[in-house]
Every structure is written in structure tokens, then in C-alpha cells.
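Each number in this note's numbering comes from the position in the sequence shown (counting from 1) with 1487 added on.
From the three backbone atoms N, C-alpha and C, an ideal C-beta is built for every residue, glycine too.
If you're wondering where the values come from, they're calculated on a predicted model, not measured in any experiment.
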Amino acid sequence: MKTFVDTNYFLRFLVKDNEEQSLKAKSLLDDGKIEKVKLFSSTIVFFEIYWVLVSSYEVENAKAMEILSKILEMDFVEFKERKLLQSALDLYGENNLELEDCYNIAYAIRFDKEIEIATFDIKLQKAFKMLKASQ
């Protein structure tokens, strides 16, 4: 059986603010780890986890990045864009940009190193040019 893991399952597992749901989430992830069930999730869920941790639970950005890295290390949960998400996290750690901007840069550069970016965001333009030059 294949099961899609939604944002709230990851959050219950991480923050443990509802014991019953936390245990259910842990059980599902444990089952995925021993290949009793195939788990997958999405890029949107990944970004939702970040947003909820930072905005609702007031987790510092650096700690949120650690948590997201740990989620990507869960190789028993399939993320179609795992490498791209990891690239975005790496860029985020190196730059003063928003995570979604880092994702967009990683996404664009993945397809073509010669690509340009059309944006009015000066910080994004500068970071994009610097990253492109370093490729």
C-alpha cells in the first residue's frame, strides 16, 4: 500500500502537541521505515511544514532548516523533488533569501545553467547572478 503523508502528520510527529496524533504519526513513519507501507509526500507539504513551524510555532529559521533537512533524510518517504529541495535548503543556508526564492533559483538552474531570471526582487537578482557565476 502507498500512503501520502500530509503536513499535519509530519507536524504532529515533530512537535508532539497532541499525544494521540503524535503516536499515530510516529507509527506510520515507523511502518514506512521498515517498508511495511510506502510513504510519499509533496513539495507543497515540505513548504507548509516550514511555514507552520516558523509562523505558528515560532521556530527559528536555522532550527526549521535543521528539521527540514532531517525530513529529507527520511529516505523511506518519497519526495519527487528531494534533490531540488535539498539544493534549496543549501542555498538558504548560504544566502539571505526566503526559502521559496532559493527553491526557485535551484529549480531554474537545474534546467539550464545559461538561464536568466525575470524578477523585480533585487536581492533575488543578485543572488541568482552570483550563484550562476559560481556554477
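Buried/exposed call for residue i, threshold 16 Cβ in 10 Å
i	result
residue 1499	buried
residue 1593	buried
residue 1528	buried
residue 1549	exposed
residue 1566	buried
residue 1609	exposed
residue 1531	exposed
Coil, strand or helix - residue i by DSSP
i	result
residue 1527	strand
residue 1598	helix
residue 1605	coil
residue 1584	coil
6 Å Cβ shell around residue i - same chain, five flanking residues per side excluded
i	result
residue 1489	1525
residue 1497	1536
residue 1602	1595
Neighbourhood of residue i by C-beta, 7 Å cutoff - its chain only, sequence neighbours within 5 removed
i	result
residue 1505	1499
Per DSSP, cross-strand counterpart(s) of residue i
i	result
residue 1489	1525
residue 1565	1527
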